[in-house]
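J.: Numbering (this note's numbering), first residue to last: 1 to 341.
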Ligand code: 5GP
Ligand code: MN
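1. Let's see if you can read the secondary structure: which residues bound the alpha helix (DSSP H) around residue 103?
2. By alpha-carbon positions, which one of 60, 79, 78, 54 ends up nearest to residue 71?
3. Does any heavy atom of the ligand MN sit closer than 6 Å to the C-beta of residue 280?
4. How would you write the range of the alpha helix (DSSP H) that residue 204 sits in, first residue to last?
5. Taking the alpha helix (DSSP H) that residue 198 belongs to, which residues open and close that run?
6. Determine the direct distance from the alpha carbon of residue 298 to that of residue 306, and round the result to whole angstroms.
7. Measure the CB-CB distance between residue 244 and residue 42 and report whether it falls below 7 Å.
8. At a cut-off of 6 Å, would you count residue 142 as near the ligand 5GP, judging by its Cβ distance to the nearest heavy atom?
9. Would you mind stating whether residue 77 and residue 102 have Cβ atoms separated by less than 7 Å?
10. Taking residue 186 and residue 5 to be in contact with their CB atoms under 8 Å, please state how far apart those CB atoms are, rounded to whole angstroms.
11. Would you check if the distance between the CB atom of residue 264 and the CB atom of residue 340 is smaller than 7 Å?
12. Within the same chain, show all residues whose beta-carbon is closer than 7 Å to that of residue 302, passing over the 5 residues directly before and after it, in chain order.
13. Within the present structure, is the beta-carbon of residue 145 separated from the nearest heavy atom of the ligand MN by less than 6 Å?
14. Determine which residues share a DSSP beta bridge with residue 290 and list them.
15. Tell me the DSSP secondary structure of residue 285 in three-state form.
16. Quick one: residues in its chain with C-beta nearer than 7 Å to the C-beta of residue 99, no 5 flanking neighbours on either side, listed in chain order?
17. Are the stretch 180–200 and the stretch 213–223 touching by the rule of at least three beta carbon pairs closer than 8 Å?
18. With a threshold of 8 Å, are at least 3 pairs of Cβ atoms found where one atom belongs to the stretch 281–300 and the other to the stretch 309–320?
19. Start and end of the alpha helix (DSSP H) containing residue 172?
20. In angstroms with no decimal places, state the Cα-to-Cα distance between residue 89 and residue 14.
21. Between residue 107 and the rest of its own chain, which residues show a CB-CB distance below 6 Å, the 5 nearest in sequence each way excluded?
22. Considering Cα atoms alone, identify which of 165, 284, 249, 176 is closest to residue 317.
23. Using the rule of at least 16 other Cβ atoms within 10 Å of the residue's Cβ for burial, across every protein chain shown, is residue 126 buried or exposed?
24. Just checking residue 99 against the ligand MN - is the residue's beta carbon closer than 6 Å to any of the ligand's heavy atoms?
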């Protein structure tokens, strides 16, 4: 069983079950990953079965390797449909906020959500939530938000409404957020949930293939380039560092999600405790941090790069140039020499 740190959804569930045709928005963080999309699509498909008017709005687009997911064609992307998203959000009775805990994580759409009269529900597994919500289904002791959505549907008494499509979505979210069931957040509850999802029709083996074995030749070549030419080891700090310039992103035609997973390669090296990927995106410099053991990536990201996340996996950003960001990183890492040894 998952122990919730905060769960005040009893009255919410009564309201969801006591009416039909409520206007509901489900949203998730910008550049959604497998868990963000898996949990959101699953909740979207579930709430539609309760005969509500449900819209899934993502702040931005998401990786191509998630486009096969059930419900993908119904997703409305805020970046491409601002006016429509504003209208729908203003009309909403409820907004479910999944896999994030601060409106900053949904970019400009955060202003629209923040000013909406709708009641907001946070379902999330990240630490240190900020308070923009009316209802909360929250603990950081869950592998993924998808695992929490399974718990939420169970709490609603509706596991019978978990269709094979919903099972596919939840399986995808749990699989991607646990690194295929290997990260620390993976519990016996995670495995029991996965077993139940397979019983409900999740196509487990196919999903691994659809998510992980749909590389393009160019992307695979870029991985070779990154590992051969771009991997730097900061030996004094047991840290692996890769940065990618805009020219390199253009050379390999990098799209949303194409750099997903790169940061993990550094961590596969014996003795490496911290791996960092720095990418020069159009609007800002985006950073990914991964650690083995006790080094708190989330605190590091929060204290130096306006970010956050989990202890062993976090992200951040910088408004400085790529060069200045790398210099700043190599300076602040010096403060952690003891922790990284
Ligand atoms: P990734 O490196 O894959 O983008 O993100 C790793 C983890 O850190 C995810 O759980 C993600 O939600 C979180 N994360 C990534 N970027 C940010 C950020 O800018 N701010 C915060 N608070 N969390 C982030
Ligand atoms: Mn997640």
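We put the beta carbon where it would ideally sit given N, CA and C, even for glycine.
T.: Taking the geometry as given:
1. Counted from its first residue, the chain shown places residue 103 at position 103. Counting along the chain, residue 103 falls outside any alpha helix (DSSP H), and DSSP gives it neither H nor E.
2. Walking along the chain shown from the start, residue 71 turns up at place 71. The candidate whose alpha carbon is nearest that of residue 71 is 54.
3. Counting from 1 along the chain shown, the entry for residue 280 is found at position 280. No.
4. Taking the chain shown and counting its residues from 1, the one referred to as residue 204 is at position 204. Looking at the DSSP string, the run of the alpha helix (DSSP H) that includes residue 204 is 204–212.
5. Taking the first residue of the chain shown as 1, we reach residue 198 at position 198. 188–199 is the span of the alpha helix (DSSP H), which, as asked, contains residue 198.
6. In the chain shown, counting from the first residue as 1, residue 306 sits at position 306. In the chain shown, counting from the first residue as 1, residue 298 sits at position 298. Approximately 10 Å between the Cα atoms of the pair.
7. To locate residue 244, count along the chain shown from 1; it is residue 244. To locate residue 42, count along the chain shown from 1; it is residue 42. Cβ atoms of residue 244 and residue 42: not closer than 7 Å.
8. Mapped onto the chain shown, residue 142 falls at position 142. The answer is no for residue 142.
9. Residue 77 sits at position 77 when you count from the first residue of the chain shown. Residue 102 sits at position 102 when you count from the first residue of the chain shown. No, Cβ-Cβ distance for residue 77 and residue 102 is not below 7 Å.
10. As a first step, residue 186 must be located in the chain shown, where it is residue number 186. As a first step, residue 5 must be located in the chain shown, where it is residue number 5. About 19 Å separates the two Cβ atoms, so there is no contact after all.
11. Translated into positions along the chain shown, residue 264 becomes position 264. Translated into positions along the chain shown, residue 340 becomes position 340. The answer is no: Cβ separation not under 7 Å.
12. Here residue 302 corresponds to residue number 302 of the chain shown, with the count starting at 1. Within the same chain, residue 302 has close Cβ partners 308.
13. By one-based count along the chain shown, residue 145 stands at place 145. Because some heavy atom of the ligand MN lies under 6 Å away, the Cβ of residue 145 counts as near it: yes.
14. By 1-based counting over the chain shown, the position of residue 290 is 290. Residue 290 pairs with 275, 313.
15. As a first step, residue 285 is located in the chain shown; it is residue number 285 there, counting from the start. Three-state DSSP puts residue 285 in a strand.
16. Taking the first residue of the chain shown as 1, we reach residue 99 at position 99. Closer than 7 Å at the Cβ level, and outside the excluded window around residue 99, lie 28, 29, 35, 36, 39, 124, 145.
17. no
18. yes
19. Numbered from 1 along the chain shown, position 172 holds the residue referred to as residue 172. That run of the alpha helix (DSSP H) goes 164–177.
20. Looking up residue 89 in the chain shown gives position 89. Looking up residue 14 in the chain shown gives position 14. Taking the straight line joining both Cα atoms gives about 22 Å.
21. Against the chain shown, residue 107 aligns to sequence position 107. Taken in chain order, the residues that qualify are 30, 59.
22. As a working note, residue 317 is residue 317 in the chain shown. Residue 284 is the option with its Cα nearest to residue 317.
23. Position 126 of the chain shown, counted from the start, is the residue given in the question as residue 126. With 16 or more Cβ atoms within 10 Å of its Cβ, residue 126 is classed as buried.
24. In the chain shown, counting from the first residue as 1, residue 99 sits at position 99. For the ligand MN, at least one heavy atom lies less than 6 Å from the Cβ of residue 99.
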